[in-house]
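Take a look at the structure set out below.
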Amino acid sequence: MSAVNESCVRAIWEAELDRLELDVLRVERVLKGLSALPNEPWTPPSIPGQMPSDLVVRAQELLDRQDRATELLRHSLAAAQRQIAYGDRVTEATGQAPAAPVYLDVDA
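So, in C-alpha coordinates, the structure goes:
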(Lines of atoms letter the chains of each structure in order from A and count residues from 1; the text may use other names and numbers.)
(Lines give C-alpha, C1' and ligand atoms only; values in the text may rest on other atoms or scores of the structure.)
Protein backbone atom coordinates (compact mmCIF):
# COMPACT_ATOMS: atom_id res chain seq x y z
CA MET A 1 0.00 0.00 0.00
CA SER A 2 1.46 3.38 -0.92
CA ALA A 3 2.11 6.17 1.60
CA VAL A 4 -0.79 8.18 0.15
CA ASN A 5 -3.20 5.29 0.58
CA GLU A 6 -1.96 4.60 4.11
CA SER A 7 -2.45 8.22 5.14
CA CYS A 8 -5.93 8.24 3.58
CA VAL A 9 -6.90 5.03 5.38
CA ARG A 10 -5.53 6.44 8.62
CA ALA A 11 -7.47 9.70 8.24
CA ILE A 12 -10.70 7.80 7.57
CA TRP A 13 -10.24 5.57 10.61
CA GLU A 14 -9.34 8.53 12.83
CA ALA A 15 -12.49 10.34 11.69
CA GLU A 16 -14.61 7.25 12.39
CA LEU A 17 -13.12 6.83 15.85
CA ASP A 18 -13.76 10.54 16.54
CA ARG A 19 -17.40 10.07 15.50
CA LEU A 20 -17.82 7.00 17.70
CA GLU A 21 -16.22 8.81 20.61
CA LEU A 22 -18.70 11.66 20.22
CA ASP A 23 -21.54 9.13 20.32
CA VAL A 24 -20.18 7.69 23.56
CA LEU A 25 -19.82 11.19 25.01
CA ARG A 26 -23.46 11.87 24.12
CA VAL A 27 -24.60 8.70 25.88
CA GLU A 28 -22.48 9.56 28.89
CA ARG A 29 -24.15 13.01 28.97
CA VAL A 30 -27.58 11.34 28.76
CA LEU A 31 -26.69 9.18 31.75
CA LYS A 32 -25.82 12.34 33.68
CA GLY A 33 -29.13 13.92 32.63
CA LEU A 34 -27.43 16.60 30.54
CA SER A 35 -28.80 15.89 27.05
CA ALA A 36 -31.03 13.73 24.83
CA LEU A 37 -30.04 10.33 23.48
CA PRO A 38 -28.28 10.17 20.09
CA ASN A 39 -29.95 7.99 17.48
CA GLU A 40 -27.53 7.92 14.58
CA PRO A 41 -26.28 4.37 13.83
CA TRP A 42 -22.63 3.78 12.91
CA THR A 43 -21.42 1.69 10.00
CA PRO A 44 -17.74 0.91 9.49
CA PRO A 45 -16.07 2.73 6.61
CA SER A 46 -15.85 0.88 3.30
CA ILE A 47 -12.16 1.23 2.62
CA PRO A 48 -9.52 -1.27 1.57
CA GLY A 49 -7.16 -2.52 4.22
CA GLN A 50 -7.34 -2.70 7.97
CA MET A 51 -7.37 -0.09 10.66
CA PRO A 52 -3.83 1.15 11.33
CA SER A 53 -2.36 -0.89 14.17
CA ASP A 54 -1.58 2.17 16.31
CA LEU A 55 -5.32 3.04 16.39
CA VAL A 56 -6.37 -0.37 17.72
CA VAL A 57 -5.72 0.61 21.36
CA ARG A 58 -7.92 3.71 20.97
CA ALA A 59 -10.64 1.62 19.31
CA GLN A 60 -10.52 -0.95 22.14
CA GLU A 61 -10.74 1.77 24.80
CA LEU A 62 -13.71 3.25 22.95
CA LEU A 63 -15.38 -0.17 22.79
CA ASP A 64 -14.86 -0.57 26.53
CA ARG A 65 -16.49 2.84 27.15
CA GLN A 66 -19.39 1.86 24.90
CA ASP A 67 -19.86 -1.35 26.87
CA ARG A 68 -19.87 0.54 30.19
CA ALA A 69 -22.33 3.13 28.84
CA THR A 70 -24.58 0.36 27.51
CA GLU A 71 -24.62 -1.33 30.91
CA LEU A 72 -25.43 1.96 32.66
CA LEU A 73 -28.24 2.59 30.17
CA ARG A 74 -29.66 -0.87 30.91
CA HIS A 75 -29.66 -0.11 34.64
CA SER A 76 -31.24 3.30 34.09
CA LEU A 77 -33.93 1.83 31.85
CA ALA A 78 -34.68 -0.92 34.37
CA ALA A 79 -34.99 1.69 37.14
CA ALA A 80 -37.35 3.80 35.01
CA GLN A 81 -39.46 0.73 34.23
CA ARG A 82 -39.68 -0.08 37.95
CA GLN A 83 -40.82 3.48 38.67
CA ILE A 84 -43.50 3.27 35.97
CA ALA A 85 -44.70 -0.08 37.31
CA TYR A 86 -44.83 1.37 40.84
CA GLY A 87 -46.86 4.32 39.61
CA ASP A 88 -49.26 1.96 37.87
CA ARG A 89 -49.66 -0.11 41.05
CA VAL A 90 -50.35 3.02 43.11
CA THR A 91 -52.99 4.11 40.59
CA GLU A 92 -54.62 0.66 40.68
CA ALA A 93 -54.54 0.52 44.48
CA THR A 94 -55.97 4.00 45.04
CA GLY A 95 -58.27 4.05 42.05
CA GLN A 96 -56.97 7.48 41.17
CA ALA A 97 -54.70 8.58 38.40
CA PRO A 98 -52.01 11.06 39.34
CA ALA A 99 -53.20 14.65 39.28
CA ALA A 100 -52.82 16.39 35.94
CA PRO A 101 -49.97 18.89 35.89
CA VAL A 102 -50.96 22.52 36.30
CA TYR A 103 -48.99 25.27 34.63
CA LEU A 104 -48.98 28.88 35.75
CA ASP A 105 -47.95 31.55 33.27
CA VAL A 106 -46.03 34.00 35.44
CA ASP A 107 -45.20 36.27 32.46
CA ALA A 108 -48.83 37.06 31.54
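So for the sequence shown, numbering that gives the first Met the number 0 puts the first residue at 0; every next one is plus one. We put the CB at the ideal spot given by N, CA and C, even for glycine.
Rounded to whole angstroms, how far is the Cβ of Glu27 from the Cβ of Ala68, which I believe are closer than 8 Å? 6 Å
Would you mind stating whether Gly48 and Val8 have Cβ atoms separated by less than 9 Å? yes
Determine the contact status of Leu71 and Trp41, defining contact as a CB-CB distance below 9 Å. no
Answer yes or no: do Ile11 and Pro44 have a C-beta to C-beta separation smaller than 9 Å? yes
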